[in-house]
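Chemist: Counting from 1 along the sequence shown, just add 174 to a position and that's the residue number in the working numbering.
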Amino acid sequence: MSSIKKVAILTGGGDSSAINDYIRTIVILLEKQHIEVRGIQRSYKGLIEDDFTDLDCRIVNGISHTGGTCIKTSRTNPYKLEGAVDKIIKNIQKEKIDALICVGGNDTLGVALKLSNEGIKVVGVPQTIDNDILGTDHCMGFHSAVENIVKCTNMVTTSAYSHEREMIVEVMGRDSGFLALNSALALGADSLMIPEFPADLDSLADLIVRKRKAGKYHGLYIVAEGVQIKGAKQIQDDIDAFGHIKLGGISYAIAEIINSKINIKPNVTILGYTQRGGTPCPYDAYLSTVFARGTFNNLMEAKFGYMVAVVNEKPKNVPIADAVKDIRLVSKEDYDFAVSLGDVW
Ligand code: F6P
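(1) Less than 7 Å between the CB of I187 and some heavy atom of the ligand F6P, yes or no?
(2) Would you kindly work out how many angstroms separate the C-alpha atoms of I419 and K404, rounded to a whole number?
(3) Just to confirm, does M346 get its C-beta within under 7 Å of one of the non-hydrogen atoms of the ligand PLP?
(4) Contact between the stretch 475-493 and the stretch 337-355: three or more CB pairs below 8 Å?
(5) Contact defined as beta carbons within less than 8 Å: I believe I200 pairs with T448. What is the distance between those atoms, to the nearest angstrom?
(6) Assuming A192 contacts S336 under a Cβ cut-off of 8 Å, what Cβ separation, rounded to an integer in Å, is found between them?
(7) Name, in chain order, the residues that DSSP records as bridge partners for M346.
(8) Taking G242 as the reference, give the member of L184, G389, A379 with the closest Cα.
(9) The beta strand (DSSP E) that contains D411, what's its start and end?
(10) Could you say which of Y196, A388, V498 lies nearest to I237 if we only look at CA atoms?
(11) Taking the C-alpha atoms as reference points, what is the distance between N486 and S434?
(12) Rounded to whole angstroms, what is the Cα-Cα separation between G400 and L421?
(13) Take G516 as the anchor and find which of A427, D364, V330 has the nearest alpha-carbon.
(14) Do the stretch 435-446 and the stretch 252-261 touch if we need at least three Cβ pairs shorter than 8 Å?
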């Protein structure tokens, strides 16, 4: 049985839509056991700066379905800041925090693992629209992002039809193409390009020509921002605290290359932050309660150093070390399946 009296929670990395639903649920579960919950402002930044806020049932009442994170986020890497880890350990002792809940993607969970190795009692929760964390069927936020992509792209495809245009829609996805894959399948896209596999622009140009010859003068191509294109460079070069360059815009290079091959220039729409925003879809809101339930069980049973995964709709513990040892990628089989559905001309 656990002797936990006070828990702190932080949310790190890119935000998404179901985080507040998760926070509300875990606060309710813990308050019922008379366990105090503190929110840490701006991820590891607040932990370094001793910036905590109260979280109780009254405060979290009504935050569900609000999107984003009420305790804010940042991409702060304490292992890149001198003295920061010592400050974290001191602040955790000073605030009498018995356990730390870290909600986020690979970077946030990577730091959580290191803190766990320093002796801090940590529970990890996978949250990223990229859905690229090992060991879990779902990451919080992914399904809402797919829904946002599908809704926004449906608005683009009406113009594609009316104007007889080839439309590239660029979605997020730094290393993994799950957002692109699931939305391309849901939308019935003509093709997709994802970071896992080399983009073949000759085949894409050929597809457009064959399709037009067969009488279809509009098309939809979903591009993940992290796709590698031979001869093209990502246009942004800001680097975050975890060493990632800011992505977005590779589709313009793709459009130029296609134009140079067949004299047809696809239009480009970059969905950007529309994907991460707004209210969660019902499935994500539901999943957030499964993640909260798993977190609560771990706190009650004093199981630390684990990430709460969701496998077959049930919470399951995966050592954080296993979850972050690599990035989850789209399989060749799934990618080929999605490509083949578009190539029917
Ligand atoms: O955290 C995942 C993600 O959504 C990536 O797909 C994307 O590259 C990145 O966040 C962008 O985040 P930001 O611009 O907020 O740093």
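Note that the Cβ used here is the ideal one computed from N, Cα and C, for glycine as well.
The model shown is predicted, which means the values in this text are computed figures rather than measured ones.
Modeler: So, from the listed chains and residues:
(1) In the sequence shown, residue 187 corresponds to position 13, counting from 1. Here residue 187 is Gly; the residue named in the question, Ile, does not match the sequence. Judged by the Cβ position, G187 qualifies as a neighbour of the ligand F6P at the 7 Å threshold, a heavy atom of the ligand being closer than this.
(2) Indexing the sequence shown from 1 puts residue 419 at position 245. Indexing the sequence shown from 1 puts residue 404 at position 230. Using only the alpha carbons, I get a separation of about 18 Å.
(3) This structure lacks the ligand PLP; the ligands present are the ligand F6P.
(4) Put simply, the stretch 475-493 does not touch the stretch 337-355. Fewer than three CB pairs are less than 8 Å apart.
(5) As a first step, residue 200 must be located in the sequence shown, where it is residue number 26. As a first step, residue 448 must be located in the sequence shown, where it is residue number 274. A Cβ-Cβ separation of about 28 Å leaves I200 out of contact with T448 under the 8 Å criterion.
(6) If you number the sequence shown from 1, residue 192 lands on position 18. If you number the sequence shown from 1, residue 336 lands on position 162. Going by Cβ atoms, the distance from A192 to S336 rounds to 35 Å, so no, they are not a contact pair.
(7) Residue 346 sits at position 172 when you count from the first residue of the sequence shown. Answer is none; M346 lacks a bridge partner.
(8) Working through the sequence shown from its first residue, we reach residue 242 at position 68. Of the candidates L184, G389, A379, the one whose C-alpha sits nearest the C-alpha of G242 is L184.
(9) Along the sequence shown, one-based indexing puts residue 411 at 237. For D411, there is no enclosing beta strand (DSSP E), since its DSSP letter is neither H nor E.
(10) What you label residue 237 is simply residue 63 of the sequence shown in a count that begins at 1. When only C-alpha atoms are compared, the closest one is Y196.
(11) On the sequence shown, residue 486 is found 312 positions in, with the first residue counted as 1. On the sequence shown, residue 434 is found 260 positions in, with the first residue counted as 1. Spanning the two alpha carbons is a distance of roughly 47 Å.
(12) Within the sequence shown, residue 400 is the residue found at index 226, counting from 1. Within the sequence shown, residue 421 is the residue found at index 247, counting from 1. The C-alpha of G400 lies about 7 Å from the C-alpha of L421.
(13) Here residue 516 refers to the residue found at position 342 when the sequence shown is read from its first residue. In terms of Cα proximity to G516, the closest of A427, D364, V330 is D364.
(14) Result no; under three Cβ-Cβ pairs closer than 8 Å.
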